[in-house]
Amino acid sequence: MRISNFLLWQAAYAGLWFTETLWPDFDQQVFSEAIAAFINRERRFGCTGEQVRQMAASAKG
1 MRISNFLLWQ AAYAGLWFTE TLWPDFDQQV FSEAIAAFIN RERRFGCTGE
51 QVRQMAASAK G
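The opening residue of the sequence shown carries number 1 in the numbering used here; numbering runs sequentially from there.
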């Protein structure tokens, strides 16, 4: 899947999620799957995964 360079700069840090479900069949179940996928993503904000884990560990004390 790709976005074909259409307004690429606006999608630089966007969280994209794709489904095979067509719009008329997009129901509460598919929406819940999209939300669950979003919640479970690791957001690194420009850091590596290791740096994020180190920051989280130091914040816990």
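We put the beta carbon where it would ideally sit given N, CA and C, even for glycine.
query	result
Pull up the distance between the alpha-carbon of A14 and that of F38, whole angstroms please.	11 Å
Helix, strand or coil, according to DSSP, for L8 in the structure here?	helix
If I measure Cβ to Cβ from F26 and keep anything under 8 Å in the same chain, skipping five residues before and after, which residues do I get?	T19
Quick test of your reading: A12 and I3, contact by CB under 8 Å. State the CB separation rounded to the nearest angstrom.	Not quite, the Cβ-Cβ distance comes to about 11 Å (not below 8 Å), so this is no contact.
Does DSSP put I35 in a helix, in a strand, or in coil?	helix
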